[in-house]
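Heads up: the sequence shown begins at 37 in our numbering, then just goes up one per residue.
We put the CB at the ideal spot given by N, CA and C, even for glycine.
These numbers come from a predicted model, not from an experiment.
What follows is a single structure, written as structure tokens, with notes after it.
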Amino acid sequence: MISSTEQAEIVGTIVQRFAVRAAAGSGKTSVLVDRYIRHVVDLGFSPDEIVTLTFTRKAASVMKRRIVERLRDLGRTDDAQAAETGPIQTIHSFCERILRENAVEALIDPEFEVLDGPNKHALFDRAITNAFLASRSESRSAADFVHRYSGRHSFTSTATSHGRLREAVLRTLEKFRASGLQSADLRPVYASPETAIIFWAQQATRDLPEAVLSSSEAALEPAWGRNLTERLKLLGSRPPPWLKSQSHESDLVSAEDTCGLVWLALTAWDWLEGEMTIVQQFDFALLESKAVRLMEDSLLACERLRKQCKIVLVDEAQDLNPLQYRIIDQLQASGEMMVGDPQQSIYGFRFADRGLFMGRCGLVDTFELTKNYRSESGILDFIDAVFSSTWGSEHTPMTLPEEVTDDPFGSSRVPHFEGVELWPLAAKDTASIALLTHQMVQEGTNPKDIAILARSNSVVNLIAARLKSLGVPCRTVGASEKFYTRLEVRDLANALEALCDPYDDFPLLALLRSPFVGLSLDAVTYLASRSPVIEALAEPGPWGGDDQRTLDDFRLWFERIKEVVDRVPAWETLTSLMRDTQYLIRIAALPSAEQTLANVRKLFTMAASEPELNAREFALRTREIQFLRHKEGDALTIDDSESAVTIMTVHKSKGLEFDVVVLPETHSRLSRRRSDIAIDATRGLVVTGMRKPSSAFHIWLSDQQIAKDREEELRVLYVGMTRARKRLCVVVNEEGGHESAASILALRSGMPKNVLPGLKVRRLNDTP
């Protein structure tokens, strides 16, 4: 329900197309719901005509539930039923719906599947491999690129010896596919080193005075950088820093690598989408692309959609990518409300472009929701103090001017910062973070009210392990990526492989040592020296009575299951293994039994969801996923209703709120180093810097990306802090420079000398 003048103005406005800048906790969901209700109740629109787009399935579910409940409370049962099945959904679900309803015009099967998870990752890997193979005969620059960088490891990609090469192609491929461009748009640009350099020069100099620019071909002259520098100085303009390092030789080397890389990425792109079209399985990027093409190329489909979609309400508009904006624009709805907060734009890695929302705000009437109703005033004062100093005029305060009594850095009244705690800790001190959290629980804080929001999955897992060792119940949400490397998952894969091919010694030995069988290490070591192991098992061995009884039991169930393993689905084989062995009983006795059992149950569920796969195929799928290091979380072992500390990444916490928030991971540098490859996909820009010295164009584009990343890191900090309702605990660093969130927070709070009024500093040995 409407609770402020700001909200009432937005809900009741007669403006048809407008944007809303909504601060964290300002009630934007209530405004979206009220605006929806007004369109139905006061303006006579049917729920079928109101497209409401949110960022996640959970957000869409919450929005739909609230709208349906309001309509039912108003006695509008028919409208409530229409809303329940109407277009209140994520943008990907909306794209899927568009394509299914217009399958003939889109030239696709209306029963197409949505591709995600491990199957998608395996398909991407095949696309890149095919591009590598094709380069040998089709592209000299790509073949040279593959030859030059093959065999180089990457610690952030797969475990293969070609990790760096595959990572470069994958990153370029993913960014291009979300850009809104087509591969045909990019091929001429990177047809040769010369065309690439000319394009780079056009983009790099587009903001320079026209008087200093000659034709773009001049960028191919050896002295181009020096000549341009001299012309700028004559005009009294300062040359950009990157221009000083311009070298024709370095530019050519970079352009050669870039042309090879782009050829590989575009070839993989064409193969990937061609394969998806053949099997009629589309990932989210292709869903968006096909929806855009349908709406831009088919007048019939576009007119039909425009008749259906008369009102568009968009949540989290700052997180949309260029393709998603094109979809919304093609609807040409008579009424449009786009709600977003540029200060909470933290999904650049998913190709979100906050500049598009800011541009929209500049084109249409824009309203503001500034008042935060989520957090206590002390927390809001602290957040505003930190970010007003950091962002200056670009920061939108969440407390109204008449409510703020003083800016501690030089205004008229002194605010207080009750509810905020600073934890001065060293980097990566997860032990102290767990101990301080434990201390909060001992003081009476319900674990369920505490959320620890880290920046990385690895820290989430470390803190979870520390808390468990202290006896503090906790759960990780969407963070762990270890599922496919868990011992229990490997046990099951080894069992399936050994049953399918008993003459494969490695999985058979692993099975014999696992809790499925439990053979002693001495016996397994002896068998490992006798190949094939399956035949050595039939012979007498130097083992004692326990090992002999173990092997006798093993032969009984192994032979029975092996006889039918090729004729039944994988889930049936897994069922037989659970029924005929002591595996579940044995793992239930392990220290981590709860998580282990949950993971076994999860793998069984995954097998049951693909009944067409037999044991051999499912085991191969599991091995491929381990090889690709697909990120899959452990099964949840604690229900949401149980009293447990929640541990997740800041990105996963978006849209949530908690009584107590702990921000532990604040020591990383905000400005990262230049990466090997600089990409601005929306402009079609790629510049490699894999060979030194780097091209001036690589320095230019990398520095732009570094600046963007730094600003996004600050926004991640802002999002984490604004999740807190009553208590905010942030790790700070009293020493060092100002390039980390920890040092910025220490500086803004006056540490170590003058702590802001009402602010608490808690160290490990402090008593409450």
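Local conformation of A214 per DSSP, three classes: Here residue 214 is taken as the residue at index 178 of the sequence shown, counted from 1. Three-state DSSP puts A214 in coil, outside helix and strand.
Burial state of Y383 (16 or more Cβ within 10 Å): Position 347 of the sequence shown, counted from the first residue, corresponds to residue 383. Answer is buried; the Cβ neighbour count reaches 16.
Complete runs of the beta strand (DSSP E) confined to the stretch 498–567 [at least 3 residues]: 510–512
Beta-carbon proximity check, V681 vs T466, cutoff 8 Å: Sequence index remark: in the sequence shown, residue 681 carries index 645 (1-based). Sequence index remark: in the sequence shown, residue 466 carries index 430 (1-based). No. Outside cutoff.
Option nearest L587 by Cα separation, candidates L547, I715 and E339: As a first step, residue 587 must be located in the sequence shown, where it is residue number 551. For the residues L547, I715 and E339, the minimum Cα distance to L587 belongs to L547.
Helix, strand or coil at C765 [DSSP, three-state]: Counting from 1 along the sequence shown, the entry for residue 765 is found at position 729. Here C765 sits in strand by DSSP.
Buried or exposed by the 16-neighbour rule on C-beta atoms within 10 Å, applied to K326: One-based indexing of the sequence shown puts residue 326 at position 290. With 16 or more other Cβ atoms within 10 Å, it is buried.
Unbroken beta strand (DSSP E) run spanning I683, endpoints: Start at 1 with the first residue of the sequence shown, and residue 683 comes out as number 647. From DSSP, the beta strand (DSSP E) with I683 extends over V681 to T685.
P700 and A490 closer than 8 Å at C-beta: Position 664 of the sequence shown, counting from 1, holds the residue named residue 700. Position 454 of the sequence shown, counting from 1, holds the residue named residue 490. In this structure, A490 lies closer than 8 Å to P700 by Cβ.
Cβ-Cβ distance between L656 and A531 below 8 Å: Along the sequence shown, read from residue 1 onward, the residue named residue 656 stands at position 620. Along the sequence shown, read from residue 1 onward, the residue named residue 531 stands at position 495. No, these two residues do not count as a Cβ contact at 8 Å.
Cβ-based neighbour list, F191, same chain, cut-off 7 Å, excluding 5 preceding and 5 following: In the sequence shown, counting from the first residue as 1, residue 191 sits at position 155. Caution applies to F191, whose pLDDT of 44 falls short of 50 and renders its modelled position unreliable; the model cannot decide the point.
Beta-carbon proximity of S540 to A534, cut-off 8 Å: The count along the sequence shown starts at 1 and reaches residue 540 at position 504. The count along the sequence shown starts at 1 and reaches residue 534 at position 498. Note that residue 540 corresponds to Asp in the displayed sequence, not to Ser. In contact: D540 and A534 (Cβ atoms closer than 8 Å).
Buried versus exposed call for A671 [16 or more other C-beta atoms within 10 Å across all chains shown]: Residue numbering aside, residue 671 sits at position 635 when the sequence shown is read from its first letter. Below a pLDDT of 50, predicted positions are generally treated as unreliable, and A671, at 43, falls in that range; the measurement from the model is reported next regardless. Burial call: buried.
Residues that DSSP places opposite W459 in a beta bridge: As a first step, residue 459 is located in the sequence shown; it is residue number 423 there, counting from the start. DSSP output for W459 lists V767 as bridge partner(s).
Residue burial classification, D333 (beta-carbon count within 10 angstroms, cutoff 16): Within the sequence shown, the letter at position 297 stands for residue 333. Per the 10 Å Cβ criterion, exposed.
Minimum C-alpha distance to L135 - residue among T41, R340, R102 and S567: Taking the first residue of the sequence shown as 1, we reach residue 135 at position 99. Here the closest residue by C-alpha is R340.
Sub-8 Å separation of T512 and I683 beta-carbons: For this step, residue 512 is matched to residue 476 along the sequence shown. For this step, residue 683 is matched to residue 647 along the sequence shown. Yes, Cβ-Cβ distance for T512 and I683 is below 8 Å.
Within 8 Å, strictly: CB atoms of A777 and T702: Along the sequence shown, read from residue 1 onward, the residue named residue 777 stands at position 741. Along the sequence shown, read from residue 1 onward, the residue named residue 702 stands at position 666. Yes, the Cβ-Cβ distance between A777 and T702 is below 8 Å.
Counterpart residues of S776 in DSSP-defined beta bridges: Position 740 of the sequence shown holds residue 776. S776 is bridged to R705.
Own chain partners of V336 with C-beta closer than 8 Å, once the 5 adjacent residues on each side are dropped: Locating residue 336 in the sequence shown gives position 300, where the first residue counts as 1. Note that residue 336 corresponds to Leu in the displayed sequence, not to Val. Once the five neighbours on either side are set aside, the close Cβ partners of L336 are E141.
Limits of the unbroken alpha helix (DSSP H) element including F393: Within the sequence shown, residue 393 is the residue found at index 357, counting from 1. R390 to L399 is the span of the alpha helix (DSSP H), which, as asked, contains F393.
Which of helix, strand or coil DSSP assigns to D716: What you label residue 716 is simply residue 680 of the sequence shown in a count that begins at 1. It is a strand residue.
Entirely enclosed beta strand (DSSP E) segments - the stretch 616–653, minimum 3 residues: none
Through-space distance from S411 to K796, alpha-carbon basis: The residue labelled residue 796 in the question sits at position 760 within the sequence shown. The residue labelled residue 411 in the question sits at position 375 within the sequence shown. Roughly 17 Å between the two C-alpha positions.
Contact under 8 Å by Cβ, Q380 with V755: The residue labelled residue 380 in the question sits at position 344 within the sequence shown. The residue labelled residue 755 in the question sits at position 719 within the sequence shown. Cβ distance < 8 Å, so Q380 and V755 count as in contact.
Every unbroken alpha helix (DSSP H) inside the stretch 50–82 [4 residues or more]: Qualifying alpha helix (DSSP H) stretches, in chain order: 64–77.
CB contact flag (F694, I486, <8 Å): Residue mapping note: residue 694 aligns to position 658 of the sequence shown, counting from 1. Residue mapping note: residue 486 aligns to position 450 of the sequence shown, counting from 1. Going by C-beta atoms, F694 is nearer than 8 Å to I486.
Cα-Cα separation between S354 and L692, rounded to whole angstroms: Position 318 of the sequence shown, counted from the first residue, corresponds to residue 354. Position 656 of the sequence shown, counted from the first residue, corresponds to residue 692. It is Gln, not Ser, that sits at residue 354 in the sequence shown. C-alpha separation (whole angstroms): 17 Å.
Residue closest to M434, alpha-carbon to alpha-carbon, out of V456, G455 and E404: Reading the sequence shown from its first residue, position 398 is the one you call residue 434. The residue with the shortest Cα to Cα distance from M434 is E404.
Closest residue to T685 among R746, A500 and R615 (Cα-Cα distance): Position 649 of the sequence shown holds residue 685. Residue A500 is the option with its Cα nearest to T685.
Secondary structure of Q817, DSSP reduced to three states: In the structure as shown, the chain starts at 37 and stops at 804, and residue 817 therefore has no counterpart that could be examined.
Own chain, CB closer than 6 Å to V182, minus 5 neighbours either side, in chain order: For the purposes of this step, residue 182 is identified with residue 146 of the sequence shown, where counting begins at 1. Cβ neighbours of V182 beyond the five flanking positions: F168 and S171.
CB contact flag (E253, I234, <8 Å): Locating residue 253 in the sequence shown gives position 217, counting from the first residue. Locating residue 234 in the sequence shown gives position 198, counting from the first residue. Yes; because the gap between Cβ atoms is below 8 Å, this pair is in contact.
D583 in three-state terms, based on DSSP: The residue you call residue 583 lines up with position 547 of the sequence shown. Note: D583 maps to helix in three-state DSSP.
Same chain, Cβ closer than 7 Å to G414, neighbours up to 5 away in sequence not counted: The residue you call residue 414 lines up with position 378 of the sequence shown. Taken in chain order, the residues that qualify are H452, F453, E454, G455, V456 and G794.
Best match in R200, T426 and D712 for proximity to R727 [C-alpha to C-alpha]: Start at 1 with the first residue of the sequence shown, and residue 727 comes out as number 691. Of the candidates R200, T426 and D712, the residue whose Cα lies closest to the Cα of R727 is D712.
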